[in-house]
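If you want it as structure tokens, here you go:
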């Protein structure tokens, strides 16, 4: 059976457009594929920023860790296990100050784990260890960053694609919701375009 992991991060919660469309994709795929669906809402339950306990603890054998280190590493392992178990990952991110939400960055900081989700080949080049998974990346932004004058400032989508690819998640399909701050008509058009893209994603998966 196909396993789907939905990860949302908008501080707007269910009202965030990235959360809305990521959820629609995940639930639609669940229905189309007869899949299981697991959800991690990083806004409702934000992960801690990584600290010394995690950095030191992940390099130690379990029996050598302090209780604090064991808890920090155990939390990260739980996140990695969710990603590893998923065949499909649906990721929602709403732009904050040109980048991704800090809670989503903290999630990546936990799962980007040397020797676990990435390694290095004989030439010293990084190699992602997660593969064979489909990722749907839903990004929302008030402005238009896919093209035009503001495209160089899209530090959200480009960075997320890099992070995903670094750990081996290279099959990424992007759904953008952008240009919603330019008035009611622009917002309506942006939402309609995103709805059409979601329908296309689900029709292709069927």
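Numbering (my numbering), first residue to last: 1 to 206.
All C-beta atoms, glycine included, are put in the ideal place defined by N, C-alpha and C.
Opening and closing residue of the alpha helix (DSSP H) in which residue i lies
i           : result
residue 158 : 157–166
residue 182 : Where residue 182 is concerned, there is no enclosing alpha helix (DSSP H), given that its DSSP letter is neither H nor E.
residue 23  : 17–33
residue 75  : 67–85
residue 55  : 52–57
Host beta strand (DSSP E) of residue i (start-end)
i           : result
residue 37  : 36–41
residue 114 : Unbroken run through residue 114: none, as it is neither H nor E.
residue 8   : 3–8
Distance between beta carbons of residue j and residue i, contact taken as under 8 Å
i           : j           : result
residue 134 : residue 88  : 5 Å
residue 80  : residue 42  : Wrong, their Cβ atoms sit about 15 Å apart, outside the cutoff.
residue 128 : residue 168 : 3 Å
residue 157 : residue 174 : 6 Å
residue 140 : residue 95  : 7 Å
Among the options, nearest to residue i - alpha-carbon criterion
i           : options          : result
residue 199 : 1, 187, 13, 21   : 21
residue 153 : 190, 15, 98, 182 : 98
residue 111 : 83, 38, 132      : 83
residue 55  : 77, 35, 39, 38   : 77
residue 138 : 181, 191, 85, 19 : 19
residue 206 : 60, 32, 38       : 32
Distance, residue j Cα to residue i Cα
i           : j           : result
residue 24  : residue 91  : 12 Å
residue 144 : residue 178 : 5 Å
residue 172 : residue 161 : 8 Å
residue 13  : residue 71  : 27 Å
residue 5   : residue 187 : 28 Å
residue 11  : residue 195 : 21 Å
residue 189 : residue 163 : 30 Å
residue 53  : residue 59  : 10 Å
residue 30  : residue 202 : 10 Å
residue 197 : residue 126 : 33 Å
residue 132 : residue 62  : 29 Å
residue 233 : residue 17  : Given a span of 1 to 206 for the chain in the structure shown, any question on residue 233 remains unanswerable.
residue 118 : residue 109 : 12 Å
residue 49  : residue 107 : 8 Å
residue 182 : residue 9   : 23 Å
Proximity test, Cβ basis, 8 Å: residue i and chain C
i           : result
residue 140 : Of the protein chains in this structure there is only one, and it is not chain C.
How about the segment 117–137 and the segment 54–66: do they share at least three Cβ pairs that are nearer than 8 Å? no
Would you call the segment 31–45 and the segment 102–110 touching, i.e. three or more CB-CB distances under 8 Å? yes
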